[in-house]
Ligand code: ADP
Ligand code: ZN
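In the working numbering, the protein residues as written are 47 to 573.
Shown next, in the form of structure tokens:
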């Protein structure tokens, strides 16, 4: 492993050009790199494909000493190490799947100070003596990739990440850079707290991926819908991914796709390591291959020409969905994403959360995420705006022009009066009841509960006989979608600040006409 670094000038732009062959930085890269190269710590929020790797690779090469990159993704480590070695950078990796021989060689190089960049899995980093080895030499920086794994609120929590707090204690003067594509505010705060970055800057790139056309459809005839989508979205050479909710469905979908003439593979966590590696290899090689996969597929894949991503089941959160569709169109060319969802999925996901062993606080968060996902699926207005709002981005007033709602707005009607009725029923019953009870009150049904609570004496009792139960649920879902209604931890409806102008008649509510002829069985929408 020749060490070409000694000969390199420490200027970031020069390193970018000479080592990586790129002519310029993208977006926030330069700001991050200059900050870290001059000794600063921080957190980088960038969407998948945004170019996070250079944010730590370049400053590691600009600073004296060893750059240490913590990553849970073995495939990604190997790719990057191979690429760096090809450029003459002394790079190595330490993880559990390394052959013993290779591990010994990397350890020796590490002890002798011959490495410039070390990729290490979190459990290896905190294991027997690695930290001691590191403490004996100059460290350029620590990069913690996939930093959301530190947060219990996400779906990717890894207990080993918890121990990374030790870096701030043992190496207080070494810059620490955490990186993630998950930007929901709670996870961000969690990362900053756990990794000791509370006083350091957050570099936030826009999460918008305008080249991905997004669409959502109620699942009616899944296969016909998929067939039409793939035919329209694929260009014959790029790849595609169908995300399925279960392992069995990946197998069924792959078999069906093969029968349709696609070169399709199933991928899920139950495959053998060899089968997984082979699938990754086939996908990476650039064939026009279609993966029918669970969410186990995708972390660390870096194929620029994925032309489309479809979901046949509702993702659990906007963050997951976004991360998964973000694998399409990394080359910047037009790409397509389709979400197929059914009321069944929503109920299943809700039950899944309720039955999980998670503590109540986490359940509350997962519920809120799921409902945000439902809101995007049901949106009557630009889906991208709703999606970006989940990442703390307030979009300009214009619609995106590249989602199905913008391109073909659904038929709508003025639902202001219906919304007012529903909101006042919620307020008059004391903001703590679930939708089922509110609908009973609106429709004037004298249930035991209604009688017991005396809700039949409220002025809103029976004012909603003109709409069906399902239509009322649709109204509620759309109020949730526009942020006028929240759900508390018991599924109780709570009006938000945004409900006020609606109640006062200062804001109108436009509802999708399809709530009047709902596609979902009525009982399924109860939270
Ligand atoms: P992330 O880790 O954020 O998902 P990567 O670091 O893998 O993204 O970068 C995604 C792709 O963009 C890679 O193929 C990378 O080579 C390319 N890339 C990143 N930064 C630049 C740049 N400044 N100029 C050209 N290509 C870049
Ligand atoms: Zn739009």
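Heads up, the beta-carbon is just placed ideally off N, CA and C, and yes, glycines get one too. Bear in mind that the values here come from a model prediction, so they are computed numbers and not experimental data.
Identify whether residue i lies in helix, strand or coil by the three-state DSSP scheme.
i, result
"residue 239", "helix"
"residue 57", "coil"
"residue 354", "strand"
"residue 69", "coil"
"residue 102", "helix"
"residue 207", "helix"
"residue 262", "strand"
"residue 542", "coil"
"residue 88", "strand"
"residue 190", "strand"
"residue 558", "strand"
"residue 379", "coil"
"residue 476", "coil"
"residue 313", "strand"
"residue 281", "coil"
"residue 494", "helix"
"residue 308", "coil"
"residue 254", "coil"
"residue 571", "Unreliable positioning characterises residue 571 in this predicted model, as indicated by a pLDDT of 33, which lies under 50. The coordinate reading is nonetheless provided below. Residue 571 falls in the helix class under three-state DSSP."
"residue 347", "coil"
"residue 49", "Any answer about residue 49 is weak, because its pLDDT of 45 lies below 50 and its placement is not dependable; what the coordinates show is given next. It is coil, neither helix nor strand."
"residue 384", "strand"
"residue 173", "coil"
Residue i: beta carbon under 8 Å from a heavy atom of ligand 1?
i, result
"residue 344", "no"
"residue 348", "yes"
"residue 227", "yes"
"residue 271", "no"
"residue 132", "no"
"residue 93", "yes"
"residue 187", "no"
"residue 507", "no"
"residue 283", "no"
"residue 96", "yes"
"residue 72", "yes"
"residue 64", "no"
Using 9 Å as the threshold, is the C-beta distance between residue i and residue j below it?
i, j, result
"residue 143", "residue 120", "yes"
"residue 256", "residue 184", "no"
"residue 450", "residue 260", "yes"
"residue 178", "residue 348", "no"
"residue 243", "residue 470", "no"
"residue 180", "residue 102", "no"
"residue 81", "residue 247", "yes"
"residue 139", "residue 164", "yes"
"residue 386", "residue 268", "yes"
"residue 360", "residue 395", "yes"
"residue 83", "residue 104", "yes"
"residue 66", "residue 112", "no"
"residue 73", "residue 251", "yes"
"residue 315", "residue 429", "no"
"residue 533", "residue 417", "yes"
"residue 189", "residue 241", "no"
"residue 325", "residue 280", "no"
"residue 236", "residue 298", "no"
"residue 547", "residue 477", "no"
Over the uninterrupted beta strand (DSSP E) stretch that includes residue i, give me the two end residues.
i, result
"residue 337", "335 to 339"
"residue 286", "285 to 289"
"residue 248", "248 to 250"
"residue 459", "458 to 460"
"residue 426", "No beta strand (DSSP E) contains residue 426, which DSSP labels as neither H nor E."
"residue 222", "222 to 226"
"residue 532", "531 to 533"
"residue 119", "Premise fails: residue 119 is in no beta strand (DSSP E) and is neither H nor E."
"residue 504", "Neither: residue 504 is in no beta strand (DSSP E) and is coded neither H nor E."
Need the endpoints of the alpha helix (DSSP H) that residue i sits in, please.
i, result
"residue 115", "Careful: residue 115 lies outside any alpha helix (DSSP H), inside the beta strand (DSSP E) at 112 to 116."
"residue 153", "146 to 157"
"residue 77", "75 to 83"
"residue 166", "Residue 166 -> not in any alpha helix (DSSP H); beta strand (DSSP E) instead, spanning 163 to 166."
"residue 486", "481 to 488"
"residue 325", "319 to 330"
Does any heavy atom of ligand 2 sit closer than 8 Å to the C-beta of residue i?
i, result
"residue 88", "no"
Determine, using beta carbons only, whether residue i comes closer than 9 Å to chain B.
i, result
"residue 147", "Structure shown: chain B not included; a single protein chain is present."
Exercise. In chain order, what residues have a CB nearer than 7 Å to some heavy atom of ligand 2?
Worked result: 428, 429, 430, 431, 445, 446, 447, 448, 449, 451, 452
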